[in-house]
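Each residue of the sequence shown is one higher than the one before, counting from -6 in the numbering used here. Backbone N, C-alpha and C define an ideal beta-carbon position, used for all residues, glycine too. What follows is a set of notes on a single structure, which appears directly below.
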Amino acid sequence: MINIGDALMAFQSIDTSRHDNTLAVIRTLREQGPVARVDLGALNGISSATVTSISAELLQQGLIAEQPPETPRPSGRGRPKTLIQLAPEAACVVCIKLSINEIQVVVGDFAGQVRHSEHHIVSTLTLTADDLAALLEEKISAVCAQQLEGFQRLAGICLAVQGVVSSQSGSIVWSPALGLRNVPISDRLAARFHCDVLLENDANCIANVLAGQPAYADCPNLVVIMLGYGIGMSVLINGVPYLGANGSAAEFGHSKYQPDGALCACGRRGCIEAYASDYALYRAAAEHLKLPTGDSAHPSEQQMQALTNLAIQGEPEAQRIYAEAGRALGYGIANVLALFNPDVVLITGSGVRGFNAMQAAMHSAIDDALVVELMGTTRIESYAWDRDMTCMGGIAIALHATDAQTLLDSQTKIGSATCL
């Protein structure tokens, strides 16, 4: 006699497995680009029959498309492979990078590629909570009106923010870009644009991109340190970002290097950021060196490159300043090694332009701070900042978070059309 409860549980298990396999196919296509069905099965441990069935459904739903068959083999043996790929127009997401006095708005397609990017100079430090929400609504509305034609749906929005965010409350807890704290933002934007709104720390967005690089595929315990105007960090443990109790974990830049030392943008003294960030380096150099004019509190790339060039060319004061920054980084990294024992520490961000001038002092500080056994086999490397990975990571995070809903919406749409 068949137990109805057992049969229902078995059906639900099969249905869940099918759903998971479908999401796996979508995400593999996003990571790999066009792939043949037989290869999709091998990559995900799914049978060829299942991949064929899933791809037929995704084609019907408009989530994937077929490429023309490959050129036949010279021998004439075997059918050429037909590659399938995500349909870029099936959905899009908007990523907004909020940093000091600047907002970047980027549109990413369903395949995870940037389709549009724009920058806006804004006096972020003077914004009230209502001002910030109104500004974001205005910029998102404008980009939706101008750039979303041809996309089937707006799947989600990601705010990539310098500082501490709480995804649970949907609030920006603290950011050096804002003059206020605990700013609720996600719910208001979600109500306005009828989609999921995610809050992410900017360093976690960057780590998301780097963790997906083939060179770090075997590095589940990864630390990414971002140098720039400020200093951020992301810690991945077994491939998952460590956020802490309220999202404020891994605030590397605001751990201490010198008690009662240089003033940090957070208002406290002696933070690593107060020695190794762009504003700190420029502040220390401006007292002694002739540098390009500009905003000393928020130096431009031109100003920072001029300072870096002086250090590379052997100017003693510039070299001293970068060496001090290297020591601050080194003692901070030594703490990270002792606490987390990561596979790799990656140093990136726009401030990596000066890494060579910091490197010797950084390694000297690490050697001074730790016994060899605590350094272990961890690699410490720099990663070129030839593109801003913040919004790329925000796009990837938003798509991953909304894939299930996009799939459900597509299935519902097909089901509704079938019933008509």
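So who's on the other strand from residue i, going by DSSP bridges?
i      : result
Ser110 : Val99
Ala58  : Gln78
Glu428 : What is shown of the chain runs -6 to 413, which leaves residue 428 out entirely.
Ile230 : Val233
Met219 : Gly225, Thr341
Pro207 : Answer is none; Pro207 lacks a bridge partner.
Cys88  : Val99, Cys151
Ala273 : Its beta-bridge partners do not exist; DSSP assigns none.
Would you say residue i and residue j are within 9 Å of each other, going by their C-beta atoms?
i      : j      : result
Ala279 : Ser289 : yes
Ile57  : Leu79  : yes
Asp189 : Ala391 : yes
Arg146 : Ala83  : yes
Phe152 : Gly386 : Just to set this straight, residue 152 is Leu in the shown sequence, not Phe. Cβ distance not < 9 Å, so Leu152 and Gly386 don't count as in contact.
Tyr222 : Tyr272 : yes
Tyr250 : Gly163 : no
Glu244 : Met219 : no
Val421 : Val136 : Only positions -6 to 413 of the chain appear in this structure, which leaves residue 421 out of reach.
Ala138 : Leu182 : no
Ser403 : Gln54  : yes
Gln352 : Gly319 : yes
Quick one: Cα of residue i to Cα of residue j, how far?
i       : j      : result
Tyr209  : Cys384 : 20 Å
His112  : Lys74  : 42 Å
Ser6    : Leu339 : A caution first: Ser6 carries a pLDDT of 47, below 50, which makes its placement in the model unreliable, though a value can still be read off. Cα to Cα, Ser6 sits roughly 40 Å from Leu339.
Val99   : Val365 : 44 Å
Ala350  : Leu274 : 12 Å
Thr45   : Arg30  : 7 Å
Leu192  : Pro27  : 30 Å
Ile178  : Glu266 : 27 Å
Ile(-3) : Ser10  : Any reading at Ile(-3) must be qualified, since the residue scores a pLDDT of 46, below 50, and its modelled position is unreliable; no value is offered.
Asp123  : Ser116 : 14 Å
Pro169  : Asp13  : 39 Å
Gln398  : Lys406 : 12 Å
Arg276  : Asn175 : 29 Å
Ile165  : Glu130 : 16 Å
Pro61   : Gln140 : 28 Å
Leu236  : Ala242 : 5 Å
Helix, strand or coil: how does DSSP classify residue i here?
i       : result
Leu22   : helix
Arg320  : helix
Asn94   : coil
Gly38   : coil
Ser375  : strand
Gly225  : strand
Phe4    : Here Phe4 scores only 38 on pLDDT, less than 50, and its place in the model is too uncertain to base an answer on.
Cys137  : helix
Val364  : coil
Glu294  : helix
Ile326  : helix
Lys249  : strand
Ile(-5) : Here Ile(-5) scores only 45 on pLDDT, less than 50, and its place in the model is too uncertain to base an answer on.
Ser159  : strand
Cys198  : helix
Ile305  : helix
Thr257  : Note that residue 257 is Cys in the sequence shown here, rather than Thr. Note: Cys257 maps to coil in three-state DSSP.
Can you tell which of the options has the C-alpha that lies nearest to the C-alpha of residue i?
i      : options                        : result
Gly149 : Arg185, Leu171, Asp124         : Arg185
Lys283 : Ile39, Val337, Asn14, Ala304   : Ala304
Gly342 : Cys198, Ser403, Leu129         : Cys198
Val428 : Val166, Arg372, Arg108         : Because the chain in this structure spans residues -6 to 413, residue 428 falls outside the shown range and cannot be described.
Phe333 : Pro252, Pro213, Leu76, Glu317  : Pro213
Thr121 : Val166, Ile89, Gly172          : Gly172
Ala204 : Val233, Ile224, Pro177         : Val233
Pro252 : Ala321, Asp195, Ala196, Asp211 : Ala321
Leu33  : Glu131, Glu130, Leu76          : Leu76
Asp360 : Val345, His109, Asn328         : Asn328
Glu317 : Ala354, Ala394, Thr301         : Ala354
Gly369 : Leu400, His393, Val337         : Val337
Gly263 : His247, Ile230, Arg276         : His247
Ala156 : Ser357, Ile230, Ile224         : Per the sequence shown, residue 156 should be read as Gly rather than Ala. When only C-alpha atoms are compared, the closest one is Ile224.
Arg108 : Ser134, Glu130, Glu50, Phe144  : Phe144
His356 : Leu330, Thr395, Pro61          : Leu330
Arg346 : Asp379, Ala200, Thr21          : Asp379
Ala362 : Gly254, Gly323, Glu374, Ile39  : Gly323
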